[in-house]
Amino acid sequence: MKVFVDRELCYGSAECAHRVPAVFEFVDEYGVVRPGREETGEDPEVLEAAERCPSQAIRITGAP
Ligand code: SF4
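So for the sequence shown, our numbering puts the first residue at 1; every next one is plus one.
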């Protein structure tokens, strides 16, 4: 499972970075995936962050 943030959609609420700081950070007013943390396995916290992103900007590929 890989995760990335679609910057076109992100409006910078920073919720992802607060929710899962090990994976997401807040840079230049946008949420981003920390370098090297794109491969998340099936981390339920990351799935939840994606579900709760208010702009649906968090994309997950390879989810079951
Ligand atoms: S939760 Fe969504 S809108 Fe908010 S910073 Fe993260 S990716 Fe952007």
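The beta carbon of each residue, even a glycine, is placed where N, CA and C say it ideally should be.
Since this is a predicted model, take the numbers as computed values, not measurements.
So is the beta-carbon of residue i under 7 Å away from any non-hydrogen atom of the ligand SF4?
i, result
"A22", "no"
"I60", "no"
"E15", "yes"
"V3", "no"
Rounded to whole angstroms, what is the Cα-Cα separation between residue i and residue j?
i, j, result
"G62", "R52", "19 Å"
"Y30", "E48", "18 Å"
"T40", "R34", "11 Å"
For residue i, which of helix, strand or coil comes out of DSSP?
i, result
"R37", "coil"
Residue i and residue j: beta carbons closer than 8 Å?
i, j, result
"P54", "E15", "yes"
"C46", "V3", "Note on residue identity: the sequence assigns Val, not Cys, to residue 46. In contact: V46 and V3 (Cβ atoms closer than 8 Å)."
"A57", "L9", "yes"
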